[in-house]
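Data block below; observations after.
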Amino acid sequence: MSAQSYPTSWKRPAQIVKDPRWRIALQVGIVIYLILAISTIDVNWTRVYEGLERGQRFIMGFLQPDFTSRWRDISQGLVESLTMTLTSTVVGVAISIPIGIGAARNIAPGWIYAICRSIIAVSRALQEIIIAIFLVAMFGFGPFAGFLTLSFATIGFIAKLLADDIEEIDATQVEAIRSTGASWWQVVNYAVQPQVMPRLIGLSLYRLDINFRESAVIGIVGAGGIGATLNTAIDRYEYDSAGAILLIVIAIVMVAEYGSSYLRKFLQ
Amino acid sequence: MLELKNLSKTYKTGDTALSDVTLSIPKGQILGLIGPSGAGKSTLIRCINRLVEPSSGKVMLGDVDLAQLGKADLRRQRRRIGMIFQEYSLVERLTVMENVLSGRLGYVPFWRSFFRKYPAADVQRAYQLLDRVGLLDHADKRADALSGGQRQRVGIARALAQEPELLLVDEPTASLDPKTSRQIMRLLTEICAERGLPAIVNIHDVPLAQQFMQRIVGLRAGAVVFDGSPAALTQGALTQIYGEEDWNAMRNGDLEQADAEEDAKNRLAELVQ
Amino acid sequence: MTEITDYKQVWTYRTPRARLWTWAGWFALVTLFFWCWQIMTEDTIWAFVSDAPRQAADIGSRMLPPRISYMSELWGPLWDTINIATLGTIGGVIMAVPVAFLAARNTSPSVRFLRPIALFIIVASRSINALIWALLLVAIIGPGLLAGIVAIALRSIGFVGKLLYEAIEETDARQTEAVQATGASAAQVLIYGIVPQIMPAFWGISVFRWDINIRESTILGLVGAGGIGLKLQASLNTLAWNQVSVILLLILVTVVLSEWVSAKVRHAII
Numbered sequence: 001m002s003a004q005s006y007p008t009s010w011k012r013p014a015q016i017v018k019d020p021r022w023r024i025a026l027q028v029g030i031v032i033y034l035i036l037a038i039s040t041i042d043v044n045w046t047r048v049y050e051g052l053e054r055g056q057r058f059i060m061g062f063l064q065p066d067f068t069s070r071w072r073d074i075s076q077g078l079v080e081s082l083t084m085t086l087t088s089t090v091v092g093v094a095i096s097i098p099i100g101i102g103a104a105r106n107i108a109p110g111w112i113y114a115i116c117r118s119i120i121a122v123s124r125a126l127q128e129i130i131i132a133i134f135l136v137a138m139f140g141f142g143p144f145a146g147f148l149t150l151s152f153a154t155i156g157f158i159a160k161l162l163a164d165d166i167e168e169i170d171a172t173q174v175e176a177i178r179s180t181g182a183s184w185w186q187v188v189n190y191a192v193q194p195q196v197m198p199r200l201i202g203l204s205l206y207r208l209d210i211n212f213r214e215s216a217v218i219g220i221v222g223a224g225g226i227g228a229t230l231n232t233a234i235d236r237y238e239y240d241s242a243g244a245i246l247l248i249v250i251a252i253v254m255v256a257e258y259g260s261s262y263l264r265k266f267l268q
Numbered sequence: 269m270l271e272l273k274n275l276s277k278t279y280k281t282g283d284t285a286l287s288d289v290t291l292s293i294p295k296g297q298i299l300g301l302i303g304p305s306g307a308g309k310s311t312l313i314r315c316i317n318r319l320v321e322p323s324s325g326k327v328m329l330g331d332v333d334l335a336q337l338g339k340a341d342l343r344r345q346r347r348r349i350g351m352i353f354q355e356y357s358l359v360e361r362l363t364v365m366e367n368v369l370s371g372r373l374g375y376v377p378f379w380r381s382f383f384r385k386y387p388a389a390d391v392q393r394a395y396q397l398l399d400r401v402g403l404l405d406h407a408d409k410r411a412d413a414l415s416g417g418q419r420q421r422v423g424i425a426r427a428l429a430q431e432p433e434l435l436l437v438d439e440p441t442a443s444l445d446p447k448t449s450r451q452i453m454r455l456l457t458e459i460c461a462e463r464g465l466p467a468i469v470n471i472h473d474v475p476l477a478q479q480f481m482q483r484i485v486g487l488r489a490g491a492v493v494f495d496g497s498p499a500a501l502t503q504g505a506l507t508q509i510y511g512e513e514d515w516n517a518m519r520n521g522d523l524e525q526a527d528a529e530e531d532a533k534n535r536l537a538e539l540v541q
Numbered sequence: 542m543t544e545i546t547d548y549k550q551v552w553t554y555r556t557p558r559a560r561l562w563t564w565a566g567w568f569a570l571v572t573l574f575f576w577c578w579q580i581m582t583e584d585t586i587w588a589f590v591s592d593a594p595r596q597a598a599d600i601g602s603r604m605l606p607p608r609i610s611y612m613s614e615l616w617g618p619l620w621d622t623i624n625i626a627t628l629g630t631i632g633g634v635i636m637a638v639p640v641a642f643l644a645a646r647n648t649s650p651s652v653r654f655l656r657p658i659a660l661f662i663i664v665a666s667r668s669i670n671a672l673i674w675a676l677l678l679v680a681i682i683g684p685g686l687l688a689g690i691v692a693i694a695l696r697s698i699g700f701v702g703k704l705l706y707e708a709i710e711e712t713d714a715r716q717t718e719a720v721q722a723t724g725a726s727a728a729q730v731l732i733y734g735i736v737p738q739i740m741p742a743f744w745g746i747s748v749f750r751w752d753i754n755i756r757e758s759t760i761l762g763l764v765g766a767g768g769i770g771l772k773l774q775a776s777l778n779t780l781a782w783n784q785v786s787v788i789l790l791l792i793l794v795t796v797v798l799s800e801w802v803s804a805k806v807r808h809a810i811i
């Protein structure tokens, strides 16, 4: 065969959307959406220009944070945040365990399964902030409302992952224990618990980390913690104090991340 | 054509993988590199195109010492050396054609490779090579849709797309079944003969090496302990390469497998009757 | 059979020392919990807490029935919310890609110097919630959609960057090595060896983040960064609880829909 008979050009065949008409329609659709979406942004450039100076001050505040002048507020916010984080994680995880077990299809009866799954769904669908708004309205301002918010959010997170985990456990081990004539409690204790315990500890530590981060936010709507301090600092245009608070938050998150990965290795 | 002079490699961990290897391969020769795992076969091959940096010694390809080159020069010289790996070294999520064309990466500017707009001659050549290895119909398939033997053929086509002056082949049959292994080895030797290409084939299967290689080099603990024709590879030589125990274990393993195959065949025959 | 008496008759799950440590750990956790509880509830006014059920009933009765007619005012803000999430995700992904390549051990041009910087960017972005970014940006560039989009984008860098750099580090080195052996330049190794391998992860992560961003952008309006949250804030300020319930319903439907879309798309890609 002579070399001349081979094609001289090659085009990569489409991988996902194979029909060229659909492909073009999709591309045109994306472009139209982007044009429409971008046109809705209404930017007041003079305001942005004026804001640049403030932005610069914020960056300077970040580089030269002021820990001292508002230290009393910062430390109080931090203490609230940290205590709120720990108590809400403990309570949230404690409540999540029965709900998580109840939401696992392979070990819970049908009606319990339905109830537990709907609790999880409600807790996951609502933003922490929205829950916080309601709880602040009910329980008054302060960290107690924050504690309730984070506990509630923890339930949705931990119970869901725990239930999914239990549903994925090795069924042969459960059968083996059940075949010895063990009761339901004994099955959970001997066959389920050993398989999901390491994951549960890992998830709880991860949630501790998330709860701390969230505790820095819910203060904005009055649920106590470092978020309230931060909100005040930004409202007063005290960017050096705001920078200090953000740096503290970042540092604690970093410490928590390294600490929890270390702790997880240690516990396994 | 290729000359290795006093090539040594010591890893950061302190393990010596190669010590003072001197070899020369003339044009058109196919050399089989055998030895127990950990003898430094893989390191030797990778020191030639510097996927592994040699610690000392020279790698002369023609008049160029590859061991001395800077980054850009090294890239230019790598084009002259085609490398064929175990079956898994295709970029799985690219099409067969892209994999073959990637052999031209050293020759084309970045924008051409980015937009897949290769020169007409390159595309034509890629088709020709795919035809040569018997995969013309598979050009638009994704590499992960191919069987092990087919992937290995694409790997060969990719290496040839570089228009190399030397082929480095690393365990080409490590994960293939015996029949496919022989087909691949036959294809490789044919192609080398057609183009007068020298090749270094790193291979762990001794009978396969004896069948297809023109010359065999045995490595043990990073040093050359045998260099000769396949016919000269006697029991004594093999014992020297693999060590008493390993060699016996390997032979027993082969014998055992032969026994098992025999047994299975007999039983099948009985079933048929 | 008489020898059986030679075996120990007491069996314990763990060694005594390990058991002691386990108990000590639990004890420490319980103590810490009560200590934290004490500090946290120091200033709590318990009268408010005991009053909560009555408050809840009150709010509940004001929320019902929802003022459905209010819905007609919400379509515009909802459209803004979706745009904030989508444009923010696009912006975040565009910024996250280079950060991920700098942070991955196998593609970072300098593991000593650039990698720690990239990792710091990722941690900083991850630790600061979108609402805080929005709070800052509203103060700096003024209220509006732009502040929301930038806030979402800044927040997405950390999430996308982290997952993407882990995907890059998990790529198969053998495929990359083979591309390198052809004499390809560093940029070519990247687009032929690494990029095809991370493409599914890239799309999956982006769509996943878009879904999360829809959720987050619904509340950005609380601090003035545009979208449906503005309406929520306005209704809360006027104590129009029957409007709040309409908004919450709409948010819930949007979140569920976006989750469904994102699951569908991810399924189609992978």
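Chains as they are written, first to last, in the numbering used here: chain A, 1 to 268; chain B, 269 to 541; chain C, 542 to 811. Heads up, the beta-carbon is just placed ideally off N, CA and C, and yes, glycines get one too.
### Query
Starting from C/N783 and walking both ways along the alpha helix (DSSP H), at which residues does that stretch end?
Here residue 783 of chain C refers to the residue found at position 242 when the third sequence is read from its first residue. Its alpha helix (DSSP H) spans residues W782 to I810.
### Task
Can you grab the Cα-Cα spacing for the pair B/A388 / A/L208, in whole Å?
Taking the first residue of the second sequence as position 1, residue 388 of chain B is located at position 120. Taking the first residue of the first sequence as position 1, residue 208 of chain A is located at position 208. Distance between the alpha carbons of B/A388 and A/L208: 59 Å.
### Query
Is any beta-carbon of chain C found at less than 8 Å from that of B/R384?
Along the second sequence, one-based indexing puts residue 384 of chain B at 116. By this cut-off, B/R384 is not an interface position.
### Message
Is it buried or exposed, A/D240, if we count other Cβ atoms within 10 angstroms and call 16 or more buried?
### Response
Position 240 of the first sequence holds residue 240 of chain A. Counting Cβ neighbours within 10 Å, A/D240 comes out buried, since at least 16 surround it.
### Task
Would you check if the distance between the CB atom of A/P109 and the CB atom of A/G243 is smaller than 8 Å?
Within the first sequence, the letter at position 109 stands for residue 109 of chain A. Within the first sequence, the letter at position 243 stands for residue 243 of chain A. Taking 8 Å as the Cβ cut-off, A/P109 and A/G243 do not qualify as a contacting pair.
### Task
Determine, using beta carbons only, whether C/M581 comes closer than 8 Å to chain A.
Mapped onto the third sequence, residue 581 of chain C falls at position 40. With 8 Å as the cut-off, C/M581 counts as an interface residue toward chain A.
### Given B/I316 as reference, the closest of B/G330, B/P304 and B/G423 once Cα atoms are compared
Translated into the one-based positions of the second sequence, residue 316 of chain B becomes position 48. The shortest Cα separation from B/I316 among B/G330, B/P304 and B/G423 belongs to B/G330.
### Query
Can you tell which of B/L487, B/E512, B/Q478 and B/G511 has its C-alpha closest to the C-alpha of B/L501?
As a first step, residue 501 of chain B must be located in the second sequence, where it is residue number 233. Comparing Cα-Cα distances from B/L501 to each of B/L487, B/E512, B/Q478 and B/G511, the minimum goes to B/Q478.
### Query
Straight-line CA distance for A/L82 to A/F212?
Counting from 1 along the first sequence, the entry for residue 82 of chain A is found at position 82. Counting from 1 along the first sequence, the entry for residue 212 of chain A is found at position 212. Approximately 7 Å between the Cα atoms of the pair.
### Query
Whose C-beta lies closer than 8 Å to the C-beta of B/L444 among residues of the same chain, with five residues either side of it excluded?
What you label residue 444 of chain B is simply residue 176 of the second sequence in a count that begins at 1. So the list reads E355, G416, G417, Q420 and I452, once near-sequence residues are dropped.
### Coil, strand or helix - B/E271 by DSSP
Here residue 271 of chain B corresponds to residue number 3 of the second sequence, with the count starting at 1. Strand.
### Members of the segment 671 to 688 of chain C that neighbour chain A once the beta carbon cut-off is set at 8 Å
L672, I673, L676, L677, A680, I681, I682, G683, G685, L686 and L687
### Query
Relative to chain C, which residues along the segment 352 to 371 of chain B have a C-beta separation below 8 Å, given in chain order?
F353, Q354, Y356, S357, L358, V359, E360, R361, L362, E366, S370 and G371
### Query
Ordered along the chain, which non-local residues of its own chain (more than five positions away) have a Cβ less than 8 Å from that of B/V359?
Position 91 of the second sequence, counted from the first residue, corresponds to residue 359 of chain B. Within the same chain, B/V359 has close Cβ partners E366, N367, S370 and A411.
### Message
With a threshold of 8 Å on Cβ separation, who are the neighbours of B/L476 within its own chain once the five nearest residues in sequence on each side are excluded?
### Response
Here residue 476 of chain B is taken as the residue at index 208 of the second sequence, counted from 1. Listed in chain order, the non-local C-beta contacts of B/L476 below 8 Å within the same chain comprise T441, S449, R450 and M453, local neighbours out to five positions each way being set aside.
#### Entry: 7 Å Cβ cut-off: residues of chain B touching C/M740
Locating residue 740 of chain C in the third sequence gives position 199, counting from the first residue. Contact note: C/M740 reaches chain B through R361, using a C-beta cutoff of 7 Å and chain order.
### Query
Closest by CA to C/L660, which one among C/M604, C/V640 and C/G629?
Walking along the third sequence from the start, residue 660 of chain C turns up at place 119. Among C/M604, C/V640 and C/G629, the Cα nearest to that of C/L660 is on C/V640.
### Residues near A/I220 by beta carbon distance below 7 Å, same chain, minus five either side
Along the first sequence, read from residue 1 onward, the residue named residue 220 of chain A stands at position 220. Excluding sequence positions up to five before and after A/I220, its CB lies within less than 7 Å of the CB of G227 and N231, all in the same chain and listed in chain order.
### Task
Check whether the Cβ atoms of C/Q738 and C/Q721 lie closer than 8 Å to each other.
In the third sequence, counting from the first residue as 1, residue 738 of chain C sits at position 197. In the third sequence, counting from the first residue as 1, residue 721 of chain C sits at position 180. Not closer than 8 Å, so no.
### Task
Report yes or no: is there a C-beta of chain B within less than 8 Å of the C-beta of C/R715?
Here residue 715 of chain C corresponds to residue number 174 of the third sequence, with the count starting at 1. Yes, because at least one Cβ of chain B sits closer than 8 Å to the Cβ of C/R715.
### Message
So, with DSSP's three-state summary, where would you put B/V492?
### Response
As a working mapping, residue 492 of chain B is identified with position 224 in the second sequence. Correct three-state label for B/V492: strand.
### Message
The beta strand (DSSP E) that contains B/A461, what's its start and end?
### Response
Counted from its first residue, the second sequence places residue 461 of chain B at position 193. Where B/A461 is concerned, there is no enclosing beta strand (DSSP E), although the alpha helix (DSSP H) it sits in stretches over P446 to R463.
### Task
Would you kindly work out how many angstroms separate the C-alpha atoms of B/P466 and A/I30, rounded to a whole number?
Counting from one through the second sequence, the residue named residue 466 of chain B turns up at place 198. Counting from one through the first sequence, the residue named residue 30 of chain A turns up at place 30. Each residue's alpha carbon lies about 53 Å from the other.
### Message
Within a Cβ cutoff of 7 Å, which residues of the same chain sit near A/A3, ignoring the five residues on either side of it in sequence?
### Response
Position 3 of the first sequence, counted from the first residue, corresponds to residue 3 of chain A. For A/A3, the predicted model reports a pLDDT of 49, less than 50, meaning its position is unreliable; a value from the coordinates is still stated below. No residues qualify anywhere along the chain.
### Task
Specify the secondary structure class of C/S651 as computed by DSSP and reduced to three states.
As a first step, residue 651 of chain C must be located in the third sequence, where it is residue number 110. Looking at C/S651 - three-state DSSP - the assignment turns out to be coil, as it is neither helix nor strand.
### Query
Between the segment 337 to 345 of chain B and the segment 696 to 705 of chain C, are three or more C-beta pairs nearer than 8 Å?
no
### Task
Could you have a look at A/S9 and say whether DSSP puts it in helix, strand or coil?
Stepping through the first sequence from its first residue, residue 9 of chain A is reached at position 9. Looking at A/S9 - three-state DSSP - the assignment turns out to be coil, as it is neither helix nor strand.
### Task
Could you spell out where the beta strand (DSSP E) holding B/D288 opens and where it closes?
Locating residue 288 of chain B in the second sequence gives position 20, where the first residue counts as 1. From DSSP, the beta strand (DSSP E) with B/D288 extends over T284 to I293.
### Message
Tell me which residue opens and which closes the beta strand (DSSP E) that B/I302 is part of.
### Response
Looking up residue 302 of chain B in the second sequence gives position 34. First-last of the beta strand (DSSP E) with B/I302: I298 to I302.
### Query
What residues in its chain sit with their C-beta under 7 Å from that of A/A103, if we drop five residues either side in the sequence?
For the purposes of this step, residue 103 of chain A is identified with residue 103 of the first sequence, where counting begins at 1. The answer, listed in chain order, is Y113, C116, R117, I120, A159 and A163.
### Partner residues on chain B for C/A722, Cβ-Cβ distance less than 7 Å
Taking the first residue of the third sequence as position 1, residue 722 of chain C is located at position 181. Neighbours of C/A722 on chain B, chain order: N317, L319, R346 and M351.
### Task
Please work out which residues of its chain come closer than 7 Å, Cβ to Cβ, to B/L337, disregarding the five sequence neighbours upstream and downstream, and give them in chain order.
To locate residue 337 of chain B, count along the second sequence from 1; it is residue 69. Within the same chain, Cβ atoms closer than 7 Å to the Cβ of B/L337 are found at Q345, the five residues on either side in sequence being excluded.
### Message
To the nearest angstrom, how far is the alpha carbon of C/E800 from that of A/I129?
### Response
Taking the first residue of the third sequence as 1, we reach residue 800 of chain C at position 259. Taking the first residue of the first sequence as 1, we reach residue 129 of chain A at position 129. Those two C-alpha atoms are separated by around 19 Å.
### Task
Indicate the three-state DSSP secondary structure (helix, strand or coil) for B/L339 in the structure shown.
Along the second sequence, read from residue 1 onward, the residue named residue 339 of chain B stands at position 71. Correcting the residue type first, residue 339 of chain B is Lys in the shown sequence and not Leu. In this structure, B/K339 counts as helix in the three-state DSSP scheme.
### Task
Apply the 10 Å Cβ neighbour rule to C/P557 and answer buried if 16 or more other Cβ atoms are within range, or exposed otherwise.
The residue you call residue 557 of chain C lines up with position 16 of the third sequence. It counts as exposed.
### Query
Any chance the segment 138 to 150 of chain A sits against the segment 567 to 586 of chain C, with 3 or more Cβ pairs inside 8 Å?
With a cut-off of 8 Å, the segment 567 to 586 of chain C and the segment 138 to 150 of chain A count as touching, because enough Cβ pairs lie within range.
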